[in-house]
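Trainee: Numbering (the working numbering), first residue to last: 12 to 387.
Using N, Cα and C, we set each Cβ at its ideal position, and we do this for glycine too.
Take this structure first; my questions come after.
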């Protein structure tokens, strides 16, 4: 679908085009991160602090080529890739995620995410970050809510976006507040990963573990921000789906192909995500830091005539680690074609309630969604 076509669908869905708010006056020093010379290393979070690193897999990963392969399905459903065993008996994932497979005992899979809203990026991104689709600003991004709830003064930002901004992601601030009057402690601070100091001072082996991609640098920067006390860091793996390689594998330009998945997209995620899990674990931070990796929807269960897959909110998968989540677990299942949930359907609101639970923010009396309790 063309870019103008996506915009038309967004307009019909009632989603205005908004960029992430740029908020001035929040410097890196607010996190205790100074320049590379003469700066003390940031201290790890104190006991009881909880953080979330949300990896938004912008473009919508195919469930069948990632976390929910169907090796016994017909060719046009199964797709071009094989599946591999993981550290958890009976759990298989896509063959181009070997590092993730080797760490599955530390990870949890949700294989039954779904929604019935418009199958467009803007809608899905809003759902996965606010829990709802809204024409107004009355459903803020969970990072803004967390910042407002947990900040206790001191001028510290608790919500960061990397690399940002990307438009139409549904990031909302608390109702009635604008960029002009929003308490800057509750607004997102938008950074390029290369603007986070001291990354170059990290040991070479650490930087190489994350890889040379921008996503790898963003994941390393996210670890450093959490280490310095930031509560919520959202990493957008891609800043657009047009005219570049991303998870949006329609099978032809200006979008991605399955060959792009094989050569670039899957290996980049596999390396950076696994390095982030290892790094947090080695530093004793994984227990208090939830890492959530998810896209805005899945892909069609049948390959299209270009060998790709189109938008499909009928079912898709998400990956969780740390923050109290028990590793080696699988919640929900899709049907034999990967088309719809067959067991334990999970809504975006339930996914987000799970993220809030890991952060220590229990649902209020007005919240309809409950966390996925069996993960904890």
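1) Under DSSP, the alpha helix (DSSP H) around residue 158 begins and ends at which residues?
2) Which one of 371, 96, 264 and 260 has the shortest CA to CA distance from residue 427?
3) Helix, strand or coil: how does DSSP classify residue 331 here?
4) Please name the residue, chosen from 335, 249 and 349, that lies closest to residue 328 on a Cα-to-Cα basis.
5) Within this structure, are the beta carbons of residue 95 and residue 113 separated by less than 7 Å?
6) When DSSP builds the beta bridges, which residues end up paired with residue 357?
7) Quick one: what's residue 322 bridged to in DSSP?
8) Tell me, please, whether the stretch 308-320 touches the stretch 362-374 by the rule of three or more beta-carbon pairs shorter than 8 Å.
9) State buried or exposed for residue 230, treating a residue as buried only when at least 16 other CB atoms are found within 10 Å of its CB.
10) Below 7 Å between beta carbons: does that hold for residue 333 and residue 300?
11) Measuring straight from C-alpha to C-alpha, what distance separates residue 142 and residue 359?
12) Which ranges would you report for the beta strand (DSSP E) in the stretch 221-251 if only whole runs of at least 3 residues count?
13) Am I right that residue 367 and residue 170 are in contact with their C-beta atoms under 8 Å? What's the rounded C-beta distance?
14) For residue 296, which of helix, strand or coil comes out of DSSP?
15) Excluding the 5 residues flanking residue 295 on each side, which residues of the same chain have their C-beta closer than 6 Å to its C-beta?
16) Give the DSSP-derived three-state secondary structure of residue 367 in the structure shown.
17) Measuring only the C-alpha atoms, how far is residue 249 from residue 69?
18) In the DSSP assignment, find the unbroken alpha helix (DSSP H) run with residue 143 in it and report its ends.
19) Within 10 Å of its beta-carbon, does residue 137 have 16 or more other beta-carbons around it, so buried, or fewer, so exposed?
20) If we call anything under 7 Å between Cβ atoms a contact, is residue 268 one with residue 224?
21) Within 10 angstroms of its Cβ, does residue 264 collect 16 or more other Cβ (buried), or is it exposed?
22) Keeping to the same chain, check which residues put their C-beta closer than 7 Å to that of residue 58; ignore five residues upstream and five downstream.
23) Just confirm the distance between the C-beta atoms of residue 266 and residue 252, as a whole number of angstroms; I'd bet it's less than 8 Å.
24) In the DSSP assignment, the beta strand (DSSP E) including residue 341 goes from what residue to what residue?
25) For my contact list, residue 330 and residue 78 are in at a C-beta cut-off of 8 Å; report their separation, rounded to the angstrom.
26) Taking only three categories from DSSP, how would you classify residue 215?
27) With distances taken from CA atoms, which of 99, 123, 104 and 241 is nearest residue 200?
28) Determine the DSSP secondary structure at residue 200, reduced to helix, strand or coil.
29) Do you know offhand how far residue 243's Cα is from residue 158's?
30) Answer yes or no: do residue 80 and residue 105 have a C-beta to C-beta separation smaller than 7 Å?
31) On the DSSP bridge assignment, give the partners of residue 136 in chain order.
32) Does residue 80 come out as helix, strand or coil in the three-state DSSP assignment?
33) According to the Cβ coordinates, are residue 145 and residue 320 closer than 7 Å?
Mentor: If we stick to the structure as given:
1) It spans 153-161 - the alpha helix (DSSP H) in which residue 158 sits, taken as one unbroken run.
2) Outside the shown range of the chain, which is 12 to 387, sits residue 427, and nothing can be said about it.
3) When secondary structure is reduced to three states using DSSP, residue 331 falls in the strand class.
4) Checking every option, the nearest Cα to that of residue 328 belongs to 349.
5) One thing to note: residue 95 has its Cβ no nearer than 7 Å to the Cβ of residue 113.
6) By DSSP's assignment, residue 357 forms a beta bridge with 124.
7) Within the DSSP bridge table, the entry for residue 322 names 310 as partners.
8) No, because fewer than three Cβ pairs between the stretch 308-320 and the stretch 362-374 fall closer than 8 Å, the two stretches do not touch.
9) That one is buried.
10) With contacts defined by Cβ atoms closer than 7 Å, residue 333 and residue 300 form a contacting pair.
11) When rounded, the distance between both Cα atoms is 6 Å.
12) Counting whole runs of 3 or more residues, the stretch 221-251 contains the beta strand (DSSP E) stretches 243-247.
13) No, residue 367 and residue 170 are not in contact; Cβ-Cβ is about 14 Å, not under 8 Å.
14) Under the three-state reduction of DSSP, residue 296 is assigned to coil, being neither helix nor strand.
15) Taking residue 295 as the centre and dropping the five residues before and after it, the same chain places no C-beta closer than 6 Å to its C-beta.
16) Here residue 367 sits in helix by DSSP.
17) So the alpha carbons of these two residues sit roughly 6 Å apart.
18) Unbroken run through residue 143: none, as it is neither H nor E.
19) Flag for residue 137 reads buried.
20) Their beta carbons are not under 7 Å apart, which means residue 268 does not touch residue 224 by this criterion.
21) Classification of residue 264: exposed, given that the 10 Å Cβ count is below 16.
22) At residue 58 the pLDDT is 35, less than 50, meaning the model places this residue with poor confidence and gives no usable figure here.
23) Rounded, the Cβ-Cβ distance is 7 Å, consistent with contact.
24) Membership of residue 341 in the beta strand (DSSP E) is indicated by the continuous run 340-342.
25) Contact holds; Cβ gap of about 6 Å.
26) In this structure, residue 215 counts as helix in the three-state DSSP scheme.
27) It is 241 whose Cα lies nearest to the Cα of residue 200.
28) Strand.
29) Cα-Cα distance, rounded: 8 Å.
30) Residue 80 places its beta carbon less than 7 Å from that of residue 105.
31) In the DSSP assignment, residue 136 is bridged to no other residue.
32) The answer is coil: DSSP assigns residue 80 none of H, G, I, E or B.
33) Not in contact: residue 145 and residue 320 (Cβ atoms no closer than 7 Å).
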